[in-house]
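Here's the structure, in structure tokens; my notes come after.
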Amino acid sequence: MTMLLSPLLVLTLAPLLIALVLLGYALGAARRGRWGGALSRLLTVVVLLLVAGLFGAISLATHGFRVFTEEAVAATVEIRNLEPQLFNALFTFPDGRQSGFQIMGDQLYVDAQIVKWHPVATAIGLRTAYQLERVGGRYLLLDHEQTRPRTVYALAQTTPLNLSDLSRLTPLAALIDAEYGSATFVPVEDGARFAIMVSHTGLLARRLE
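In terms of the numbering used here, the sequence shown is residues 38 to 246.
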């Protein structure tokens, strides 16, 4: 797996660099009094800057997403019981980062956001990507769900832009084939280790021996 940023960075910088070159030609044409050529180049510069801005915004909105082609490990989790309906979950992510969470409940709950791109977008380098969103606890009994304390933590990185909002405000929606959430939950057992897997069908938890 790789971060989604790399192809988007290229798609942001390429039109930006071309725009800078064309801007130089436009200024040169203007100095020579060739206003028609200068204007056409300036219009092209504006279009290229808009394209660069769009892909730059997508880069910000998808920072923290990871691409995958087949089933992949999103994180491994080790459970340690502290007391009844209270446990610690230690997450280890593919990049080596670790985060621990003290969670209340009978089960561990993890959800994620998954984005599938339109074939046009995949042709320019974008791939199906995911981001783990939240981790929390889940009670077995509905009465406990309604009356006992809930614990929920963010797994996603904070970004200046939200992908869903960006797709509503820009032409980005045309590039997205599907955007959906997926979740998995597993019973809590002291010392248990799980791999949180992501695939095109969503999340699943696989117990590790």
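Note that the Cβ used here is the ideal one computed from N, Cα and C, for glycine as well.
Since the structure is predicted, the reported quantities are computational estimates derived from the model, not experimental observations.
Legend entry - Of the listed residues K153, Q183 and I116, nearest to T238 (C-alpha basis): Cα-wise, what sits closest to T238 is K153.
Inset, instruction - Assign D227 to one of three DSSP states: helix, strand, or coil. - result: coil
Legend entry - Status (buried if at least 16 other CB within 10 Å, exposed otherwise) for A149: Counting Cβ neighbours within 10 Å, A149 comes out buried, since at least 16 surround it.
Legend entry - Close beta carbons around L123, own chain, < 6 Å, minus the five adjacent residues each side: M141
Inset, instruction - May I have the straight-line CA-CA distance separating R244 from D227, to the nearest angstrom? - result: 13 Å
Legend entry - Helix, strand or coil at T49 according to DSSP, with G and I counted as helix: helix
Inset, instruction - Just grab the DSSP bridge partners of E120 for me. - result: L123
Inset, instruction - State yes or no: is the C-beta of L76 within less than 9 Å of the C-beta of L53? - result: Going by C-beta atoms, L76 is not nearer than 9 Å to L53.
Legend entry - For L145 and L178, the rounded distance between their alpha carbons: 14 Å
Legend entry - Under 9 Å between C-beta atoms of A111 and Y167: A contact, by the Cβ cut-off of 9 Å.
Legend entry - Helix, strand or coil at G137 [DSSP, three-state]: Strand, per DSSP.
Inset, instruction - Take the Cβ of L57 as the centre, count every other Cβ of all protein chains shown within 10 Å, and call the residue buried at 16 or more, exposed below. - result: Label assigned to L57: exposed.
Legend entry - Run of the beta strand (DSSP E) containing Q144, from where it starts to where it stops: Counting along the chain, Q144 sits inside the beta strand (DSSP E) bounded by residues Q144 to W154.
Inset, instruction - Report the rounded CA-to-CA distance for V88 versus T184, giving the unit in angstroms. - result: 50 Å
Inset, instruction - Taking only beta-carbon positions, decide if F231 is within less than 9 Å of chain D. - result: Going by chain labels, chain D is absent from the structure shown, which holds only one protein chain.
Inset, instruction - Could you pull out every residue in the same chain whose Cβ sits closer than 6 Å to the Cβ of S236, ignoring the five residues on either side in sequence? - result: Within the same chain, S236 has close Cβ partners E108.
Legend entry - Outcome for R68 when other beta-carbon atoms lying within 10 angstroms are tallied against a minimum of 16: exposed
Legend entry - Pair within 9 Å by beta-carbon distance, V82 and A51: Result no, Cβ atoms of V82 and A51 do not sit closer than 9 Å.
Inset, instruction - Provide the residue(s) that pair with A112 in DSSP beta bridges, ordered along the chain. - result: Note: A112 is bridge-paired with I233 in the DSSP secondary-structure output.
Inset, instruction - Compute the Euclidean distance between the alpha carbons of R134 and L60, then round it to the nearest angstrom. - result: 43 Å
Inset, instruction - May I ask you to report which of helix, strand or coil DSSP gives A89? - result: helix
Inset, instruction - Please list, in chain order, all residues of the same chain as V189 whose beta carbon is under 7 Å from its beta carbon, the five residues on each side excluded. - result: R171 and G173
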